[in-house]
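>
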Amino acid sequence: VERRSPPLRRARQHARSTHPPDRALMAASVRGTPLAALTRASTHPRARRSAGHRGASSRMSRISRAAPPGADAAAEQKAAHVAEITARRDEMVAGCVSCTMPDEGDRGDFLADVALGGRSVEAKGKGSSLRVLVVGAETGKLAKSLMHRGASHVLVIDHSQAMLDRAAELFDPPSTLGNAPGVRFLRTDVSDVKPYEGPFDAIVFNDSLASEHDPADALRRASCLVRPGSTVVISQRLDDDGEVHNPVLPSMDVAAMIADLPLEAAGTAAAEGKAMDGEGGTAGAASASAARTEDCCGGSCWTFEVPPLYAMRDAVEMRARVVSGFGRGSRQMGVPTANMDPAVLAPQLERMRRGVYFGFARLPDDPDNASWSKCVINVGQRPTFADGDGVTIEVHVMRTMGRDFYGETMECVALGYLRPEMRFAGLRELVGRIMTDIGLARNALDAESMRGAVDGKNSWSAD
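Going by the working numbering, the sequence shown opens with residue 16, and the numbers climb by one from there.
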């Protein structure tokens, strides 16, 4: 603890009394900052009115660390799009809401029933939670319905502060405890929602996905915030002419967007596992068709589910020699990988999307490493790094092999699918996600259904 002499203490007290902080100016500066800078600020109107010096200063420190505007063309395009959507949604909530958001109460009840599917925090038992992410605040009726039907935590995000304020009027101010049950409101983009906010048991795009700058990327990022058994709902209103309500984009190809996501049509299809096929396959179209229904007001609603254990419907077996890679796994990321020769695995690659899988691997010709061990498999083109276009198959075995084994044969069985290949902002974000992937895979592979899928003649290694 710092000890200050009485003269120094009196001098600092005098300075504060002579030049008090302009809190109104600080609050105004916070409200006027770009969207990316407001990732954690409280957005409840009463909470903002009572914000003091400490809250404003902490938000200002986050603002100073935000990336400078116009860092690249893509960021500028997204910022312009967000500004346009924000203005449009501000207008929606400023006028006749029954005109701009028709049948919101009925839709809220319908979507809450679909998202929760009869689940409730009470049914899950004491000490449990049921978390829902709502993308698109409207006037808050969906969040209200979710809480009435058994959700414990609802996070509502939107680009429009005016819409968030309007929705927050239905609720008491949120608790100052970050994990307290209730409804919270946050002005942010779905791609900026932090993993510690979840994992979510349901995500609802409330007539909002088509308006995202990149709907496919928004859905991709959202799929990383859920867990097995979670529900992802995409809801779109219809315009008066019967077309999907879409103020910005001409169309939204849901089938193409979910083809490489760990999602299947809710129900029997999801219980059977992810139907995986390669580029140009029809599995995504079949899943989207099965998932689509008409909502209570004539709009479209797609309901997807994360399969149990992230399992795939059909395993993919691979056998190839280990070849040299880029050496980045051990050197830069602390995650050593073995690169399987893709040239001899063309038939398997034709059945696989670019992304992260998991299963078991072994070196069948090495007595010390011939038993099956847990592994994570990345199939892709390394979008975070600009070092080539070729597809690689990188296997991280979750045990110490004790040596290099270039040129030796590796066998690998992919049983589950975690996420598509994604570009990350930098090495730190990439490594963080890799660690998450490894943890998810390790937990899933503990299940007897996974362990029973490998050759019974060989022992299973848990280390």
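Ideal placement from N, C-alpha and C gives every residue a C-beta, glycine not left out.
Out of T154, S113, V169, G165, point me to the one whose CA is closest to G133's CA.
G165
> To the nearest angstrom, report how far apart A158 and A270 are at their CA atoms.
27 Å
> Check whether the Cβ of R336 lies closer than 7 Å to any Cβ atom in chain C.
Structure shown: chain C not included; a single protein chain is present.
> Measure the alpha-carbon distance for R61 versus R104 and round it to whole angstroms.
Residue placement at R61 is poorly supported in this model, since its pLDDT is 46, which falls under 50; the coordinates still yield a value, given next. For R61 and R104, the distance between alpha carbons rounds to 21 Å.
> D180 lies in the alpha helix (DSSP H); which residues open and close that run?
176–183
> Among S223, E106, E444, which has the Cα closest to the Cα of G151?
S223
> Helix, strand or coil: which one does DSSP assign to S250?
strand
> So, do the stretch 222–239 and the stretch 301–313 have three or more beta carbon pairs nearer to each other than 8 Å?
no
> Indicate the three-state DSSP secondary structure (helix, strand or coil) for N194 in the structure shown.
coil
> Express the C-alpha separation of A361 and R334 in angstroms, rounding to a whole number.
11 Å
> Between the C-alpha atoms of A358 and M291, what's the straight-line distance to the nearest angstrom?
The alpha-carbon atoms of A358 and M291 are separated by roughly 21 Å.
> Is it buried or exposed, F125, if we count other Cβ atoms within 10 angstroms and call 16 or more buried?
buried
> Quick check: the Cα distance between D419 and S339, rounded to an integer number of angstroms?
10 Å
> Helix, strand or coil for F186 per DSSP?
coil
> Closer than 6 Å to a non-hydrogen atom of the ligand NAP - does that hold for the CB of S250?
As for the ligand NAP, it is missing from this structure, which has no ligand bound.
> Within this structure, are the beta carbons of A326 and G288 separated by less than 7 Å?
Contact flag set, yes.
> Find the nearest neighbour of R434 within the set N354, D204, L240, judged by alpha-carbon distance.
L240
> Kindly list the residues whose CB is nearer than 7 Å to the CB of M116, restricted to its own chain and excluding five residues on each side of it in sequence; keep chain order.
M107, E153, T154
> Whole angstroms is fine: what's the gap from V169's alpha carbon to I449's?
27 Å
> Residue ranges of each beta strand (DSSP E) run of no fewer than 3 residues wholly in the stretch 398–464, ordered along the chain?
Entirely contained in the stretch 398–464, the beta strand (DSSP E) runs reaching 3 residues are, in chain order, 407–412, 424–435.
> Assign E409 to one of two classes, buried (16 or more other C-beta atoms within 10 Å of its C-beta) or exposed (fewer than that).
Residue burial is scored here from C-beta neighbours: E409 has at least 16 other C-beta atoms within 10 angstroms and is therefore classed as buried.
> Which first and last residues belong to the beta strand (DSSP E) in which C316 is found?
315–320
> Buried or exposed for R366, please, with buried defined as at least 16 other CB atoms from any protein chain shown within 10 angstroms of its CB.
exposed
> Measure how close the beta-carbons of M413 and C427 come, nearest whole angstrom, since I'm counting them as under 8 Å.
Not really, about 13 Å apart at Cβ, beyond 8 Å.
> How many Å lie between A385 and E423 at the Cα?
Each residue's alpha carbon lies about 12 Å from the other.
> Provide the residue(s) that pair with T297 in DSSP beta bridges, ordered along the chain.
None; T297 has no bridge partner.
> I'd like the ranges of any alpha helix (DSSP H) spanning at least 4 consecutive residues and lying wholly in the stretch 354–388.
361–364
> Out of D121, P243, E91, G110, point me to the one whose CA is closest to A459's CA.
The residue with the shortest Cα to Cα distance from A459 is P243.
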